[in-house]
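Asker: If you read the protein sequences in the order shown, they are chains B, W, X and D. If you use the working numbering, the first sequence corresponds to residues 1 to 804, in order. If you use the working numbering, the second sequence corresponds to residues 1001 to 1503, in order. If you use the working numbering, the third sequence corresponds to residues 2001 to 2525, in order. If you use the working numbering, the fourth sequence corresponds to residues 3001 to 3099, in order. Backbone N, C-alpha and C define an ideal beta-carbon position, used for all residues, glycine too. Nothing here was measured: the structure is a model prediction, and the numbers come from that model.
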Amino acid sequence: MMLAASASTGWFLENAFLIPLIPAIGFAIIIGFGRRLPKGGSEVGIASMALSLAIAIGATVQWIQRVGSVDEGSGEHALGGVFGFARSVFPTATEGGHGGEAYVEPVIRSWTWWQSGGLEFGLGQHIDGLAVMLLLLVAFISLLVQIFSTEYVAGDRRYTHFFAALTLFSAGMLVMVLAENMIQLILGWEIMGLCSFMLIGHWWEEEANSRAALKAFFTVRVGDMGLLVGTAVIFFGANQWAVENGSNGFSIQAISGWAMSGEASTSVLFWGAVALFIACIGKSGQFPLHTWLPDAMAGPTPVSSLLHSSTMVVAGVFLVARLYPVFYTGFDIGGTNVNLIAVIGAITIVIAAALAFVQNDIKKVLAYSTVSQLGYMMLGLGVGAWLPAVFHIFTHAFFKCCLFLAAGSISHSGSHHSFDMKKDMGGLWRKMPITAGSWMISTAALCGVPFFSGFFSKDEIIDNAHNNGYTFFYYVGLVGAAMTAAYMTRATYLTFFGTARGAAAGEHHDEHEAHDTAAHHDDHDADHGAHGADHHDDHHGAHAGPHESPWRITAPLVILAALAIGSGYLNAPAVGTHYFTDWVEPRGAAVELDGYASDEGHSEALGLAALPRAEEGYSEGCGYTDPSPGTVCYAPKLNHAEFSWGKAAPSIILVAFGIGISAWLSLGVFGGRRNPFVGLTRRFAPARWIHTLLVRKYFLDDLYERVIVRSVAHPISKAAYWVNQNILDGVVNGVGKSGRSAGDWVYRNVDQRVVDGAVKASGVVASESGHALQPIQSGRVNQYGALLFGAATVGAILLILLNI
Amino acid sequence: MITALLAQAWQAPTIDWHAIAPELVLVAGINLVLFIDLWLDESKKWAMATLSGMVLLGAFVPVVTLAVVGGDVRDAIFDGRYMIDEYALVLKGLFLLVGYVVVLMSQTELEEGGYYQGEFYVLLLVSVLGMVMMASSRDLLSVFVALELLSIPAYMMAAWRKRDPKSNEAGVKYYLLGVFASGVLLYGMSLLYGTTGTTKLTEIGAALAIGDPSVMQVLAVVLVITGFAFKISAVPFHTWAPDTYQGAPTPVTAFLSVASKAAGFTALLTVLYLGLYGATGVHEPYIWVLAALTMTIGNVVALRQTNIVRMLAYSSVSQGGFILMPLAVMATDAAESALRAVVIYLLIYAFSNLGAFCVIMAVARKTRSGEISSFGGLMGYAPGLGVLMTVFLASLAGIPPLGIWIAKLQSFRALIDAGSTAAYALAVIAAVNTVIAAAYYMRVLRQIWMAPAPDGDTSPVVVPPPIRLALAITAGGTVVLGILPGLVLRFADLPDLTGALGF
Amino acid sequence: MQTLTNDNWLLTVGTFLPLVGVALMMFVPASDERAHKQIGIVTSAATLAVGIWTLLRFDFDQSEKLQFFVDSEWITVIHSNYTIGLDGISLPLYVLSMAVTLLVMIYTWDNMPDAGNPKSFIMLMLVLQVGMAGSFIAQDLILFFVFFEVVLLPMYFMIGVWGGEDRQYASLKFFLYTMFGSALMLVAFLALFFQTGAESFSFHHLAEAGALIDRDVQVWIFAGMFIGFAVKVPMFPFHTWLPDAHTQAPTQGSVILAAILLKLGTYGFVRIAIPMLPQGAKAWAPVIGILAVIGIIYGALGCLAQTDMKRLIAFSSVAHMGFVMLGISTLTEFGINAALFGMVAHGLITGMLFFLAGSVKHRYHTLEINRLSGMLIQMPRLGWILGFAAMASLGLPGLAGFWGEFPAILSAYNPNFGLDVTLYRTLMVIAALGTVLAAAYLLWLYQRTAFGRPNPEFAGTHSVGAAAADDHHGADIHDVTPIEWIAWTPFLIAIVVFGVYPQLMFGVMDPAVTALVERVGAGIP
Amino acid sequence: MYAANFLLLGAVLFSIGVFGVIARRNAVMVLMSIELILNAVNINLIAFALMNDSAEGHVFALYVIAVAAAEVGVGLAMVLMIYRNRRSIALDELSEMRG
């Protein structure tokens, strides 16, 4: 028997809505007055993000207190770490403690936003562990990226706009994160889409950039179709239940409750989940809609880092995590060992990782790595490992952001604005120690090297997949881990080790000039603006060669690198911490329904008045059995695999193997010290043919590369890449093209000919029949008379026949 | 039989002089004009127009007083064969007003063309007299006499430009076909008289209402309607109209297309409502076909016209179809609304159509052309005339809130009130026809608003005062009746005529 | 029916006030163009002031009732009265028509179309305004019909006289199409009146009596109204007049056409056809839904095929009105609310896009998408506004367009009154596809015209040292002018405000719509 | 019995008249044909007056005669006018306006 637990709250929690609101206002200020401010609006952006971060920290602290207060109230020691495993289907699951944990009521507030059909729909906040975590994360990363950007895009023509868009982008993500209902979620979702369009196409003078922006927006928009449809499906599915419980079918809380209530129609849930997942595929760059993501590298590097770490691409993952009850019951995640989410996630992991091998552009390697890591998150969600997946969002954000910023730092100070690892990098670790250090820490985290944060999250996903019976996906996860380690090692080697090449060696390529001439033939303003960021030569002397970046770049790097290690220890079973689990995971405990419906009306803070209560018999568990009448579940009760080094061993070994083999290959292929053609590592140079015989050793290396990499890795990844570029991309482009030509055809043939033609034809018919009738008017009296009398006669005869 | 007649004691009928005052004023006026014309110097012939106008307005006075006095049962005079009821008064007023506007229009035309003036006005007045009588006629004989009285002067007026072969042709065609149609009408009337034994319309009606009509009666009805159909230029009896309209002097065309047509409709209404209503099976389908053909063929042929008068001629044919339309359902519950629709249509149509002819005259004085293209750029150099023409043509096209929309509405209303399938079908045909009609009206407007002036001639148009007055009357009528149709719709509440039939 | 009759002079004054301006202008010689423009602006400003006063006096707590209600005799013989009133459904459109007219007048100040003659132009706009406002306040079928038709001629002349190359054809097409529709519509109106035997042509009489008549009869009458309104909307396949009319019309004409005139059709459905003929509406709803969705896809495909910016925007209207009609066809509160919102939103957004197209044309003398590029460099502000409008048009949440589009799609999931759920769900998915296509064509347009570098042929003013003489094209290219700012800012603000806080409109409409759907429901056995 | 014969005569005359109007090209002949039609009507009227034993037919016939006279007067005047202008009274030449 549970007693009513008093959930503590606080100013920050109740006013968490300010977190997105502040950047939104900041955006308006930047757009309106940014140009007149001394720092072009960047100070407003940074200030607003800092303020948001402050509130987010406050909210985090208060949330932790709230969790604590609930756990104390429920008589349980929240940090005790005993979890209830309700089902004994899986051999590794053990029957946990009987107490379980009380559901921690989210802090929900809502204000009437619009009404329709008598229902009022709100705009508000839904603050729970997930939201708090992401709020903090997004605010923090955004702040760092903005600080980084003040240096990185200094002098850009659209400096102000850049910060405006960044700020709005963060606002969009924050709106989505604390969305109280689906419409608000869509709002944030689409604002991000818009901002990604603006940011990826930031240097829109080049057509490639604007095309990439278009592609990103459009591809995501294809997925958004699913979001619209899914929201509609879910709305009507949940609405009746929700209205009965004092809410409506958009409310995320209500949807969760409805999905877990057992009253929901399975097919509605399934199709709703499918539709929503399509949106996630588009947004989170899952196979097969991932192609926009690498192209999106056309944007400035800070944009890439922001997009790929904590925002935009994790939005899809977030959506699945947020509406997990829908997916959980819709796909019956607890009861099967294969489902759409897991499959898509798994495919994405492998496909993207394979692609990352053949990239020469450092940012593209990172891009594919992001795609692959997103695959992990999806896989995690798909196999019922909610917490590890969310934890992976958390850790991934730090190290991926760090990697991107490091790449930006390299291009900024090391490779003269090139991102080509083979041409313009190599041996940079000496010149840029801080960048290199933070890169390598983050890489280790990404690869899942033990004791780095990625290990704690990724390994948990893999482990839980196995634990929950998703054996096949367990293996996919392992393979993916090895591949990740391998391609990251390759990239690391190419960038920081071996011989300095191209710009990294202080050379100044002609290609760069050619690349930029397009900018030069235009007027001064546009040129300076468009490529100012890439060209502020005055800033670091006349090509003084690679050097370390200034503090505004390195500081974020260092901080992020530190977090790339540290963040993992929030939930590191290896060392016995599980704070993250306690604070973030929604508990699958039944709550009395009355607690949900607030008598005060919808605009009141629902969660504050309500006292959540865990029910007797909860141990049956939400998601396994329907909640008893009068109670409701808001989250499924999930299994947690218990950590053991033994179980982690395969993945550790595979990672090590990946790193090792890749390092060995890289050393051989790219870095042979005795290779006299170091400067010509551009292997397409015909010079190599002349010197091949001279360099026997290198010939061997070359052989390795040909035999192993080309015949094994290359065909596969090349094929994948080919498929990617020609089939998938081709499909996307083809859809675009065929859309255009279908439009063309319809317009020319149907609209102009048939539809319009019919109208025109009727006009012609009228006019022509007039013409045809004109001869009747012959001008001759006799004929007129004949017509007159003839018509009368015919009329008379007919009428006589009719009447008699 | 004759002895029987003589045996009756001769009793002088009591004549209600007030009731027939309009006719008397006209007769006196005609004589006055004729007389003065003989003595008037050629240079002062312009006075004839003024005088004729005053005669027409003078005849209007008793119409008004009769309407005001109202109430009195005046159908007793002339044994119910000549009635002065509200229906008659409304139409009399219409004819007199149209006559007056035509006089205004004729004044400059005749002066500048050097035509006979005195005689013209006499004929015009006589024709109006015929129409005024037509409004009251309730007997085959009086209908016939009124019809001839209004027609014969019109034949001559159509040929008034003696030396113009087109005008000759117009007159001769009109005359020959008109007389032929009269012959057909008369033959029908004779059959009607023969089969019912009377020429009094109400009695004919009573006789026809009993049982099915005989062959001869059917024939009679068809021939009678044919005769009137000629007068209202219903297709296929319309062939004279375009040629005559084009050839006749413009004021005469206006007169024919409005007054003469209205008189034809008056006769048709009277005969149908009082005499032939019993023969539903005959006249309903016949008129249905006539209406459908009239509006459709009039419209599609009008699409091809390049001469504005000829286009208006066809337009007036098709308008005739719209006026005719409600009569196709007159034997149903909708009889009353059908009657009302026709009367309203005639009244409002008169304003708009006369107005259009006024503008044509005013513009033609400058351009000396009857082609539609001669209206190019009118908005540029004569915006007033341009706007007026827009108002008139838009009204003819039936666009609210200009005059004819309410008339068209009434016609549709009558059809839909009837509610039969045939009525709905006709309504749809009519709806399509309004679109076709709009097309050619818009063609003229396009010239006026959008085309450049031909030859770049943008000297202003001088509009003589009488035409100004005519334009003011017609435009005022078109707009005011469109916005406040209640003003005339009251007149169409005609208990007298329909009341006699027990509708 | 409940009505409020306080301040009942307001609507009449607000509607007919522009005629005072027309009368004044008659006495000012045509050569004094400035005076005409001034009178035009003052008159429409005064009208809008009355409109705003109406807004202030409107009792928002009773928005389902007809307010400022007047019922006085007009054509008693045919049982048609001067019945006017305003409720939550018509209020937004009524005020919008006034606001748009004023802004268009302001825009005219230094953007008079080439044909000149502001006297006629402004007079026609004022007359147009009377027709538009009147249509939204009329509560009598015949009165509605009159106002509905009043807009015809002024628009015909606006397109025909001040339009583009092909203006005469386009204007005639516009005119004849609409004429055709309204003729059949009139027949349907009369049929409704006689079949119901209603007391008068007043909306509420007909709505009471209409529900009682036979289903088959309702279906037929609805067919007539359907054609009349569908032409005006325009729905596929009656839409072909629209691209021509829009493309050829002068900027002002396009804006008014998009912002208000098209709404007369959808308004007619909501206000007249559906409540008066519930069973007919139910029978026709699937047809409307299907045609609406065809319109969405078809309009989008049409957009993709265009090479002319203005024509593209015109086709996008077909698609957007498809969403509106889809919402209406569900017969749900949700859908109709969305449709009403969509009407206003589309008016604002597409109106704005047409303004932009007009200004681009004014500067570049062409609207060929292939020849335009790099607007953001040459005219950054205008480029931004274009981007903003395009985003609004493709239904970005937070901007007004979303609230017309998304709830409409949503409502199709669960149509009312037992309409075929499978069909509607299919329609929903296809309509959602339409949003993707909308993104495609709008972004494509934006990418082509705004991004990149300016076409050298227009680079005149910006190229350093280039003689102005050899490139006179560039000479006109300048950023947004003050007059344009004045005319556009309200649009932009309204798009954001309604997007961010849709309750401003939903709150007004919802009670009225709920009452309406209830009435419809009562009429369906 | 007699009356029926008169009616037949009327019908025949009417037909001849109609034929004349339609077939003859000479304006005067057409005028004469119309006279035939009017006289056919007169015969009808008189015959019916006999059959119905009413005076109306007689009166009607008298009016028709008078009107016919007036019509012919006008008609002949017109024929003369045409003749003066064209030196021909063939009707098929009168087709300047058509279409």
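Could you tell me which of L306(B), A213(B) and F121(B) sits nearest to L560(B), measuring between CA atoms?
Answerer: Nearest option by C-alpha distance: L306(B).
Asker: Excluding the 5 residues flanking S256(B) on each side, which residues of the same chain have their C-beta closer than 6 Å to its C-beta?
Answerer: P325 and Y634
Asker: For my contact list, A59(B) and V145(B) are in at a C-beta cut-off of 8 Å; report their separation, rounded to the angstrom.
Answerer: The Cβ separation is near 21 Å, so there is no contact.
Asker: By Cβ distance below 7 Å, which residues in the same chain neighbour H521(B) in space, the five residues on each side in sequence not counted?
Answerer: Bear in mind that the predicted position of H521(B) carries a pLDDT of just 36, short of 50, making it too unreliable to give a figure here.
Asker: Can you tell me whether DSSP reads W114(B) as helix, strand or coil?
Answerer: strand
Asker: Would you say the beta carbon of G26(B) comes nearer than 8 Å to a heavy atom of the ligand ATP?
Answerer: Inclusion of the ligand ATP in the displayed structure is not the case, the ligand content being empty and no account of it being possible.
Asker: Can you find a C-beta in chain D that's less than 9 Å from the C-beta of V794(B)?
Answerer: The Cβ of V794(B) sits no closer than 9 Å to any Cβ of chain D.
Asker: Which residues in chain X sit within 7 Å of T1434(W), going by Cβ to Cβ distance?
Answerer: M2179 and A2183
Asker: Let's see if you can read the secondary structure: which residues bound the alpha helix (DSSP H) around T2481(X)?
Answerer: It is not in any alpha helix (DSSP H) - T2481(X) carries neither H nor E in the DSSP assignment.
Asker: If we count Cβ pairs, one from each stretch, closer than 8 Å, do we get three or more for the segment 2304-2316 of chain X versus the segment 2439-2447 of chain X?
Answerer: A contact exists between the segment 2304-2316 of chain X and the segment 2439-2447 of chain X.
Asker: Which stretch, first to last residue, makes up the beta strand (DSSP E) that contains S2080(X)?
Answerer: Residues S2080 to L2086.
Asker: From the DSSP output, which residues share a beta bridge with I2075(X)?
Answerer: S2080(X)
Asker: Where L2304(X) and D744(B) are concerned, what is the direct C-alpha to C-alpha distance, given to the nearest angstrom?
Answerer: Distance between the alpha carbons of L2304(X) and D744(B): 7 Å.
Asker: For my contact list, F1095(W) and A1262(W) are in at a C-beta cut-off of 8 Å; report their separation, rounded to the angstrom.
Answerer: Indeed, because the Cβ distance is near 7 Å, the residues count as touching under 8 Å.
Asker: Locate the beta strand (DSSP E) running through I1036(W), then write down its first and last residues.
Answerer: Taken as a continuous stretch (DSSP letters only), I1036(W) belongs to no beta strand (DSSP E), being part of the alpha helix (DSSP H) at A1021 to W1039.
Asker: Using 9 Å as the limit for Cβ to Cβ distance, is F3060(D) near chain W?
Answerer: yes
Asker: How do the segment 200-219 of chain B and the segment 298-305 of chain B stand: do at least 3 beta-carbon pairs fall below 8 Å, yes or no?
Answerer: The answer is yes - the segment 298-305 of chain B touches the segment 200-219 of chain B, with three or more Cβ pairs under 8 Å.
Asker: Contact check, T1458(W) vs G1380(W) under 8 Å by CB: the rounded distance?
Answerer: 6 Å
Asker: Which residues, in chain order, does the segment 2418-2435 of chain X contribute to contact with chain A at a C-beta distance below 7 Å?
Answerer: Here chain A cannot be found, since the structure's protein chains are B, W, X and D.
Asker: Taking L1256(W) and A1158(W) to be in contact with their CB atoms under 8 Å, please state how far apart those CB atoms are, rounded to whole angstroms.
Answerer: 7 Å
Asker: Would P1464(W) pass as a contact of Q1117(W) if the rule is Cβ separation under 9 Å?
Answerer: no
Asker: Determine, for Y1424(W), whether the minimum Cβ-Cβ distance to residues of chain X falls below 9 Å.
Answerer: Chain X, which has a Cβ nearer than 9 Å to the Cβ of Y1424(W), makes this yes.
Asker: Going along chain B, which residues have a C-beta under 8 Å from M3097(D)?
Answerer: Close to M3097(D), with beta-carbon spacing below 8 Å, are these residues of chain B in chain order: G779.
Asker: Against chain B, with Cβ distances strictly below 9 Å, would A2512(X) count as a contact?
Answerer: no
Asker: Run down chain D in chain order and give the residues with a C-beta less than 7 Å from the C-beta of A786(B).
Answerer: Within chain D, the residues near A786(B) are I3022.
Asker: Contact check, Q2129(X) vs R2215(X) under 8 Å by CB: the rounded distance?
Answerer: Going by Cβ atoms, the distance from Q2129(X) to R2215(X) rounds to 39 Å, so no, they are not a contact pair.
Asker: State the beta-bridge partners of N181(B) as determined by DSSP.
Answerer: N181(B) is bridged by DSSP to S251(B).
Asker: Which residue marks the beginning of the alpha helix (DSSP H) containing F2136(X), and which one marks its end?
Answerer: Residue range P2118 to I2137 is occupied by the alpha helix (DSSP H) that includes F2136(X).
Asker: With distances taken from CA atoms, which of Q62(B), I278(B) and I108(B) is nearest A2432(X)?
Answerer: The residue from Q62(B), I278(B) and I108(B) with its alpha-carbon nearest to that of A2432(X) is I278(B).
Asker: In the structure shown, what three-state DSSP assignment does H1018(W) receive?
Answerer: coil
Asker: Applying the criterion that 16 or more other CB atoms from any shown protein chain within 10 Å of the CB defines a buried residue, is C1358(W) buried or exposed?
Answerer: buried
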